[in-house]
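Working notes, beginning with the structure itself.
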Amino acid sequence: MDINNWLVDSSVISNFALIGKLELLKEELAEKLCITEEVKSEFLTGIEKGVIPETDISWLKIIKRINNEPEIFVRASRPF
């Protein structure tokens, strides 16, 4: 992922989907936005449960997490 890509979480895409405006992100930022498989799964589960309206997110780029990212986050979050 380069600096011109933006990694977004499920809150971002869910909020736009809930107000029926995910197309705004697609029109303006399709080349920049990325999600993880986990975010995609969470979003699709929301659709299955009827919490989020049926929405196409196939245009979003999927990036893979690095295996040790959770460990890095925990270490970075500790107070000095």
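To convert, note that position 53 of the sequence shown is 68 in the numbering used here; the numbers rise steadily by one, no gaps.
Glycine is no exception: its CB is placed at the ideal position from the N, C-alpha and C atoms.
Remember, it's a predicted structure, so these values are computed and weren't measured experimentally.
How many Å lie between residue i and residue j at the Cα?
i, j, result
"Ile77", "Thr51", "5 Å"
"Phe101", "Ser25", "The first residue shown for the chain is 16 and the last is 95, placing residue 101 beyond what the model contains."
"Leu44", "Arg80", "21 Å"
"Trp21", "Lys36", "18 Å"
"Ile72", "Asn19", "20 Å"
"Lys64", "Leu39", "24 Å"
"Ser56", "Leu33", "17 Å"
Taking 7 Å as the cut-off, is the beta-carbon of residue i closer than that to any non-hydrogen atom of the ligand MG?
i, result
"Leu44", "The ligand MG is absent from the structure shown, which contains no ligand whatsoever."
According to DSSP, is residue i helix, strand or coil?
i, result
"Thr51", "strand"
"Lys64", "coil"
"Lys76", "strand"
By Cβ distance below 7 Å, which residues in the same chain neighbour residue i in space, the five residues on each side in sequence not counted?
i, result
"Ser29", "Phe58, Gly61 and Ile67"
Beta carbon of residue i, beta carbon of residue j: below 8 Å?
i, j, result
"Trp74", "Lys47", "no"
Can you list, in chain order, the residues of its chain whose CB lies under 8 Å from that of residue i, leaving out five sequence neighbours each side?
i, result
"Val54", "Val23, Asp24, Ser25 and Ile28"
"Glu69", "Ile62"
"Cys49", "Met16, Asn20, Trp21, Leu22, Val23, Leu75, Lys76, Ile77 and Ile78"
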